[in-house]
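Here is the structure we will look at.
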Amino acid sequence: DAGVIQSPRHEVTEMGQEVTLRCKPISGHNSLFWYRQTMMRGLELLIYFNNNVPIDDSGMPEDRFSAKMPNASFSTLKIQPSEPRDSAVYFCASTSRAGNTQYFGPGTRLTVL
Amino acid sequence: DQQVKQNSPSLSVQEGRISILNCDYTNSMFDYFLWYKKYPAEGPTFLISISSIKDKNEDGRFTVFLNKSAKHLSLHIVPSQPGDSAVYFCAASAISSGGSNYKLTFGKGTLLTVNP
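As you go down the protein sequences, you meet chains V and P in turn.
For the first sequence, position 113 (counting from the first letter as 1) is numbered 113 according to the numbering used here, and the numbering increases by one without interruption.
Counting from 1 along the second sequence, just add 1000 to a position and that's the residue number in the numbering used here.
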């Protein structure tokens, strides 16, 4: 199995630009999570999807952030407009059932200048 | 307010000795605890977990101990190997009102270095 796939692995952009991060969960997994890791706050859950439906988006920092899961094999996290404080590593994780072990992707390191 | 705390940012041990990583939590609703290991440029990988109905869980060289009264858990690695050098995250979850415990709250991690 290929594991959770994330793209791009690195993204450098300028303040105000739109950023789109992508995730392909493990085949057969129906729960997907987006996390953000920063030095100050550690790993934080941004949003959780179950069967492609957003269940908990209470961790999404503000309206500039949005996430979609149009089908079981693809999800996006979009930041529009991006700000320097959004610089972080963003992880996607999936699991076969909520509450089971979460498998993480390699992450996308985002730098907003 | 941090609900899961790993107070030691780093730990250095000699190969073959025991590594003990500690984690404290404040939320008494947490009933499931996990340790994840992370290498540079990779995502966290699951290592071991423990339910609140147990006080110990063992898997090979890795043992997790849970002290509910102290709201403390620890990960023991015996014997430590250089390949164990990584960042270790403690995480906790609670059964939600919907009946699932999907939401993991992570500590900030401890960097373990095992010296040959």
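From the three backbone atoms N, C-alpha and C, an ideal C-beta is built for every residue, glycine too.
Checking the sheet assignment: what are the DSSP bridge partners for residue 54 of chain V?
Under DSSP, residue 54 of chain V forms a beta bridge with V:49.
Using the Cα positions of residue 69 of chain V and residue 92 of chain V, report the straight-line distance between them to the nearest angstrom.
Rounded to the nearest whole angstrom, the CA to CA distance from residue 69 of chain V to residue 92 of chain V is 12 Å.
* Determine, using beta carbons only, whether residue 101 of chain V comes closer than 8 Å to chain P. => yes
- Query: Just the Cα atoms here: how many angstroms apart are residue 111 of chain V and residue 15 of chain V?
  - Reply: Roughly 9 Å separates the two Cα atoms.
Per-residue DSSP class, three states only, for residue 70 of chain V:
In this structure, residue 70 of chain V counts as strand in the three-state DSSP scheme.
Spell out whether any CB of chain V is found under 8 Å from the CB atom of residue 1045 of chain P. Interface with chain V (8 Å Cβ-Cβ cutoff): residue 1045 of chain P is included.
| message | Run through chain V and tell me which residues come within less than 9 Å of residue 1041 of chain P, C-beta to C-beta. | response | Those within 9 Å of residue 1041 of chain P in chain V are 9, 106, 107, 109.
What is the residue span of the beta strand (DSSP E) that residue 946 of chain P lies within? The shown model of chain P, from 1001 to 1116, leaves out residue 946 of chain P, and the question about it has no answer.
* How should residue 18 of chain V be labelled, buried or exposed, when 16 other C-beta atoms within 10 angstroms of its C-beta is the threshold for buried? -> exposed
Since residue 19 of chain V sits in a beta bridge, which residues does DSSP pair it with?
Its beta-bridge partners are V:79.
Cut-off 7 Å between Cβ atoms - residues of its own chain near residue 1020 of chain P, not counting five sequence neighbours on either side:
1074, 1076
*At which residues does the beta strand (DSSP E) containing residue 1059 of chain P begin and terminate?*
For residue 1059 of chain P, the uninterrupted beta strand (DSSP E) run begins and ends at 1056-1059, by DSSP.
The region 1062-1072 of chain P contacting the region 76-88 of chain V, beta-carbon criterion three pairs below 8 Å: Fewer than three beta-carbon pairs drawn from the region 1062-1072 of chain P and the region 76-88 of chain V are found closer than 8 Å, and the two stretches are therefore not classed as touching.
What residues of chain V sit near residue 1107 of chain P, judged by a beta carbon separation below 9 Å?
Near residue 1107 of chain P (Cβ distances below 9 Å), the residues of chain V are 42, 43.
- Best match in P:1003, P:1113, P:1110 for proximity to residue 44 of chain V [C-alpha to C-alpha]: P:1003
>> Suppose contacts are defined by Cβ-Cβ distances below 8 Å. Is residue 78 of chain V in contact with residue 96 of chain V by that definition?
In response: no
Exercise for the section: Note down, in chain order, every chain V residue with its Cβ under 9 Å from the Cβ of residue 1062 of chain P. Expected result: Identification of chain V residues near residue 1062 of chain P by a Cβ-Cβ cut-off of 9 Å yields none; the smallest Cβ-Cβ distance measures about 15 Å.
Exercise. If I'm right that residue 22 of chain V touches residue 76 of chain V with Cβ under 8 Å, what's the distance once you round it to whole angstroms?
Key: 6 Å
Any chain V beta carbon closer than 8 Å to residue 1025 of chain P: no
Worksheet item: Quick one: Cα of residue 1037 of chain P to Cα of residue 1087 of chain P, how far?
Response: 6 Å
Q) Below 8 Å, can you find three or more Cβ-Cβ pairs linking the region 44-59 of chain V to the region 22-32 of chain V? A) The region 44-59 of chain V is in contact with the region 22-32 of chain V.
Worksheet entry | Neighbourhood of residue 1009 of chain P by C-beta distance below 7 Å, restricted to the same chain and skipping five residues each side | 1110, 1111
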